[in-house]
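Right, one structure below, let's go through it.
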Amino acid sequence: MKRKSQARNDSQGTSLSSLSLAHGKRARLWRLLYGHGPGNGTLLVLPLDQGLEHGPTDFFPNPKALDTSFQFRLAEEGRYSAIALGIGLADKYMREHAGRVPLILKLNGKTNIPDDAEAVSPAFASVEDAVRLGADAVGYTVYVGSPRQDMEIREFGRVRQECERFGMPLVVWAYPRGRDVEAKGGKGSLYAQDYAARVAEELGADVVKLHEPAADPGSSPEPYRSLREDAAARLRRVVRSAGKVMVLFSGGVKQDDDAAVLRKVRLYMECGATGVMFGRNMWLRDFDGALALTRRVHAILARCPR
Amino acid sequence: MKRKSQARNDSQGTSLSSLSLAHGKRARLWRLLYGHGPGNGTLLVLPLDQGLEHGPTDFFPNPKALDTSFQFRLAEEGRYSAIALGIGLADKYMREHAGRVPLILKLNGKTNIPDDAEAVSPAFASVEDAVRLGADAVGYTVYVGSPRQDMEIREFGRVRQECERFGMPLVVWAYPRGRDVEAKGGKGSLYAQDYAARVAEELGADVVKLHEPAADPGSSPEPYRSLREDAAARLRRVVRSAGKVMVLFSGGVKQDDDAAVLRKVRLYMECGATGVMFGRNMWLRDFDGALALTRRVHAILARCPR
Amino acid sequence: MKRKSQARNDSQGTSLSSLSLAHGKRARLWRLLYGHGPGNGTLLVLPLDQGLEHGPTDFFPNPKALDTSFQFRLAEEGRYSAIALGIGLADKYMREHAGRVPLILKLNGKTNIPDDAEAVSPAFASVEDAVRLGADAVGYTVYVGSPRQDMEIREFGRVRQECERFGMPLVVWAYPRGRDVEAKGGKGSLYAQDYAARVAEELGADVVKLHEPAADPGSSPEPYRSLREDAAARLRRVVRSAGKVMVLFSGGVKQDDDAAVLRKVRLYMECGATGVMFGRNMWLRDFDGALALTRRVHAILARCPR
Amino acid sequence: MKRKSQARNDSQGTSLSSLSLAHGKRARLWRLLYGHGPGNGTLLVLPLDQGLEHGPTDFFPNPKALDTSFQFRLAEEGRYSAIALGIGLADKYMREHAGRVPLILKLNGKTNIPDDAEAVSPAFASVEDAVRLGADAVGYTVYVGSPRQDMEIREFGRVRQECERFGMPLVVWAYPRGRDVEAKGGKGSLYAQDYAARVAEELGADVVKLHEPAADPGSSPEPYRSLREDAAARLRRVVRSAGKVMVLFSGGVKQDDDAAVLRKVRLYMECGATGVMFGRNMWLRDFDGALALTRRVHAILARCPR
Amino acid sequence: MKRKSQARNDSQGTSLSSLSLAHGKRARLWRLLYGHGPGNGTLLVLPLDQGLEHGPTDFFPNPKALDTSFQFRLAEEGRYSAIALGIGLADKYMREHAGRVPLILKLNGKTNIPDDAEAVSPAFASVEDAVRLGADAVGYTVYVGSPRQDMEIREFGRVRQECERFGMPLVVWAYPRGRDVEAKGGKGSLYAQDYAARVAEELGADVVKLHEPAADPGSSPEPYRSLREDAAARLRRVVRSAGKVMVLFSGGVKQDDDAAVLRKVRLYMECGATGVMFGRNMWLRDFDGALALTRRVHAILARCPR
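Structure representation (structure tokens):
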């Protein structure tokens, strides 16, 4: 298949050896990329911040997932590269998993009760909290393009400096958001995701979490509006815009068709992603189903060493 | 009775032994759960912040309660697990009760003179104040879903970090509030209380104070809007959403029917609550009446060891 | 007279011996209550912040009062418990009065050029300034119920903590203010003053300055709107709501009838006030007139030991 | 002439010996009042912040003044008490004048591109910068009566405290400003200038720069609206409202009639000013003309020792 | 040619020897002016912040430029005085170029997704970051005239003070911006650029980046509106308004006509610029074309020693 081989040549993802890193950051990134998970330079991350971001609503399809032990067990038995969650859940549930599952401590968040027209994601934990908990990275949401971006960017800058100080890798949830993003094609468009990828790179992320970009609607700015690219081309574009920042694609809302999920993973990896961060598409299945699907994702990642 | 035994199996509340805690926090929580009050892992807390939150209006039914000695005496003679109040009242009235009644120092608050469309609760005392006063916990209100949630969450995060530093348990008054909460079913709905419970868990509370959730009106989001659950099911749901955070239910406005109050307590405990935080339903009665009712609450809690 | 004796029994004001206080705070409060002024536990305070709060307008009836030496001389010769003013006036005028007249350093203030719909009173001096000047207390205005109360309360909390640190008594000007106060009966109503008294207590004031409460208009909330209490009952009510916080009543705008002023003082003291803080009603008279009136106030206070 | 002698008796300006001052502040003020300039306790200050406040527009009448060497030379050859300008100009141009011309480092400023309805003047240099540059005072603009006065006053308070710490005199540009000032008679009215003078005194200025007050229009508040005072009476009034704060009057827009300028200086000094701060009225003339006018101002100041 | 020689006499640009500088700042500026680049006191800077400021859109004409190695190679092989970019790009790409290409670390930035009516550029890196990376200067955008200028100016002031502390030269991107700038002739007008130049000087820049000023439209304020100056006169005017601050002119959007680009460079240098900062006009060409054009710019700069 032409697309596949082309992807292999063009965009194999960023590898640790190509990066200049301080010792602490290198050690922690090594643990995530080679010491756990697939172990071949790819990343498989299990995120759990939906309870804060969306409320318990998200757990209705699988009430057992309300108990964070579910996700910790899944992360450990499924050999995830890391679990990504906030201080409250980490503090209460990681005891028996400490050391066995790397932790990405998510530092900021908000509810979705007010709308996102002027979204801002406040920090409620610090890099020092992450150090104390033995985390191997911190996670931080930046609402790219929000009218309150000055607050977002300034706070992000302080977090990044703390990361330098402690040798802590920084995973950015780069989420286009706000009324101007909506007016310019929406948060899911290639324009928005591509811009978000570049912002993550220029602001100093080590890893960026993005959504699969959709084709741009008529309200997107040029030249995006006139692009006619397929899904793979769009994915490769945002991976390219992220430069040396490792890209994880998210799963978004749960999909019932396992094969469709796996096709997505394959596509993302062919297009240069370093890995995937799938939450609801994993922990909204029953435990055994989630584990089985996880194993099939492992099989795909195993074929894409970075 | 079926409901009772089911509750026993499903949701017996969180116990101290199931939690990973730093020494200081464990010591203080132990004092609250076993060293005072019912002494069996349940909590009976007497709150007094209504003078700030609602004004002297609340005291008209029992003017003697305006003198905080009333509540301190009630807390001591009624063997409450703790009294929860602000720095001004603690400083002026706890002298002869120091050591005999544990203190939960409430750190933030506001008046209800402006409306709650953009509610925010500013801190006027610190965790260090709590340490100086010998408190066994601090209390903090978070207005879940307020348009100014970024300010709330950020300030909460700083308080939580101070709590880590000093080994101080953190009791969160998780109150849905603000114009968007009102537009989505109101602050008392199951949707709102359930979300608040989860927010408290993810942000890192040790104990959360919630209100008994009401059935959702048509303006609540799905799937809540379509749920048809009885009071017990709703209570169990929010307890579950709080995870390992201990849940206290509040009494709300005063109810004259003692039997109704006790039925509530019984129901809350059956549904997994760790205890209750009843203010006006206690101190708006004459002293002997309040003491008698307190004893009957003790009798209920005694049957629900955690 | 029945009212008088009743007042004596009910509300004799707060005395120093009934309070738990750190050494420094006790020493400074002792100086104000017994070392200067009436010397019997009552307080007679001469405030001078009207130039900042209202502009030079207030001084037109007595231009000599524009020179702060006037008030310092009056405070010393009239044996006031303290003079209360800001850093600029204290720095420039207290030299020859240092030690002879205790100083209450007023830390915050604002002009009345913008209206008070969203009033906030910014600090322009610190508790450390007060220590450096040898002050025996600091003064702080809290605009109770302002839409920007979160800023007011948070800043107040920091000042209170500095007061703890330095053993500095804290006198709160508890002023209901802002558009919501106006919509609920106005700043002078019993509802508003009663709420302000309680707020001062819960936030941690040592002394509170209030205005004599007026009967509530129809726009006040219940139960205030329906109360039918006379002036003395209203005064006793706010004194009660202040708890162990010592209450000073202010004089407000100048009254030309000396006898009326003295009747007010007598009434306030009978209703449980610890003293009065009269500015314009004193320093807008010619020096000898002010001194004579001061002496007659002393005579009243002398009969009300606390 | 009656007016003159009256002025001599009433308001001779503040002298250094009448003030209580910390050593550092006294030393620096002495340098300004007696060590440089007229040397008799009066002040002649050359300000240069118009480039920031109004843009290069102000320099069109005399393009040579765009080169700050012009003002430094004028200040030195004209024996000014001090030159007042910001960090950028001081850093780049004071080398050969250091020590010969005292520096008043202006700490805050803004452009006039947005209008002044909610004016606020942000600090871009610190008292520490002033110390490092060997300045003898700092300058600070306070927009009296601006809707954002809380920000102004709070920041001013921090600067004043730094001045205490370093013994640095504080010169306040007390400028009434903002939409409420405009609604109440405008920034140039006696009401506004008189209020500004008092604000400077209460906030803790050492020296205040004011504009000559104009008669109040019908929109000014009473009693100002009904005053019928001549220019001298108005000037004396604001000098009196400034108390022990030394008053400098500004020159405002350039006036071509030298005699008119000198009449103003004479009037200001007769009315109690400590000196004048003339910028455009000096440096918008050719160098020799500016120097000649400066000398004639010196002659006036020489007759008004303080 | 008359214009040329006139330019030589009037405005030869600022030279290092004419400035009073702390050792660290002089050493770093020397490196930029004489140790690298043209080496004759002129500056040729390659900026790369367009990915953050405008999104990946800017790179469509030359996708290879998305990989920051392209610009680093160009900067090194083209012997630029420095490359100017943010922390993310510097961290990830400067390894093999460290020491060979001086770095100007751009500290602040924002996306262009929200419009610029109230533009503010938040800092996401610090002067300390610049020191750690071995940078020879920092870059900082000030949106001159924005409604939020108080935030801009205050943050700038803090950065400038850090620069003093570390001996770090400060390059200001002085960009007129915001709704009031648009109402007064627009960001490109001589009025706006001339004001921006002066603001940079008064705030304390060492180097300022400006755009070539356009003739003022009818909405510009006087006297600009009535000026009838040619391009060279306008350029000389803004260079003069910048005083001793070295001026770099930017290239703006890409121009395909090489000769036109070179004519611009020649004109800027004749009018007193210290150099140029051309980004898109360089790195949007293919590598060899960019290098060739760079060499021709070098030839021009070589004839304009400062």
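Residue numbers (the numbering used here), protein chains in the order written: chain A, 1 to 306; chain B, 1001 to 1306; chain C, 2001 to 2306; chain D, 3001 to 3306; chain E, 4001 to 4306. By construction, the Cβ of each residue, glycine as well, lies at the ideal position given by its N, Cα and C atoms. Computed from a prediction, not measured in an experiment: that's the story for all the values here.
Residue i - DSSP class collapsed to helix/strand/coil
i: residue 18/A; result: helix
i: residue 1224/B; result: helix
i: residue 2084/C; result: strand
Beta-carbon spacing of residue i, residue j below 7 Å
i: residue 3126/D; j: residue 3110/D; result: no
i: residue 2102/C; j: residue 2049/C; result: no
i: residue 1294/B; j: residue 1078/B; result: yes
i: residue 4333/E; j: residue 4200/E; result: The requested residue 4333/E does not occur in the structure, where chain E is confined to residues 4001 to 4306.
i: residue 84/A; j: residue 47/A; result: yes
i: residue 3261/D; j: residue 3276/D; result: no
i: residue 4041/E; j: residue 4033/E; result: yes
i: residue 1142/B; j: residue 1156/B; result: yes
i: residue 59/A; j: residue 65/A; result: yes
i: residue 4028/E; j: residue 4169/E; result: yes
i: residue 3306/D; j: residue 3015/D; result: yes
i: residue 3068/D; j: residue 3093/D; result: yes
i: residue 107/A; j: residue 140/A; result: yes
i: residue 4203/E; j: residue 3167/D; result: no
i: residue 3187/D; j: residue 3179/D; result: no
Residue-level contact to chain D via CB, residue i, 7 Å cutoff
i: residue 2007/C; result: Confidence at residue 2007/C is low in this model, with a pLDDT of 39, below 50, so its placement is unreliable and no value can be given for it.
i: residue 2120/C; result: yes
i: residue 2124/C; result: yes
i: residue 2066/C; result: yes
Min CB distance residue i to chain B below 7 Å
i: residue 254/A; result: no
i: residue 2149/C; result: yes
Neighbour flag for residue i against chain C, beta carbons, 7 Å
i: residue 3093/D; result: no
i: residue 1141/B; result: no
i: residue 1249/B; result: no
i: residue 3114/D; result: no
i: residue 1300/B; result: no
According to DSSP, residues forming a beta bridge with residue i
i: residue 1137/B; result: 1104/B
i: residue 4215/E; result: For residue 4215/E, which the question treats as bridged, DSSP gives no partner whatsoever.
i: residue 2173/C; result: 2141/C, 2209/C
i: residue 1246/B; result: 1207/B
Under 8 Å from the C-beta of residue i: neighbouring residues of chain G
i: residue 129/A; result: This model lacks chain G altogether; the protein chains it does include are A, B, C, D and E.
Within-7 Å CB hit, residue i to chain E
i: residue 3310/D; result: No answer is possible for residue 3310/D: the residues shown for chain D start at 3001 and end at 3306.
i: residue 20/A; result: yes
i: residue 153/A; result: yes
Contact with chain A by residue i, beta-carbon distance below 7 Å
i: residue 1014/B; result: no
i: residue 4106/E; result: no
Near the ligand ADP: residue i beta-carbon under 6 Å from a heavy atom
i: residue 152/A; result: Looking for the ligand ADP in the displayed structure turns up nothing, as the structure carries no ligands at all.
Given 8 Å, three or more beta-carbon pairs between the stretch 1249-1262 of chain B and the stretch 1213-1225 of chain B: no
Quick one: any contact between the stretch 4159-4173 of chain E and the stretch 4224-4237 of chain E, if contact means 3 or more CB pairs under 8 Å? no
If we count Cβ pairs, one from each stretch, closer than 8 Å, do we get three or more for the stretch 265-282 of chain A versus the stretch 234-244 of chain A? yes
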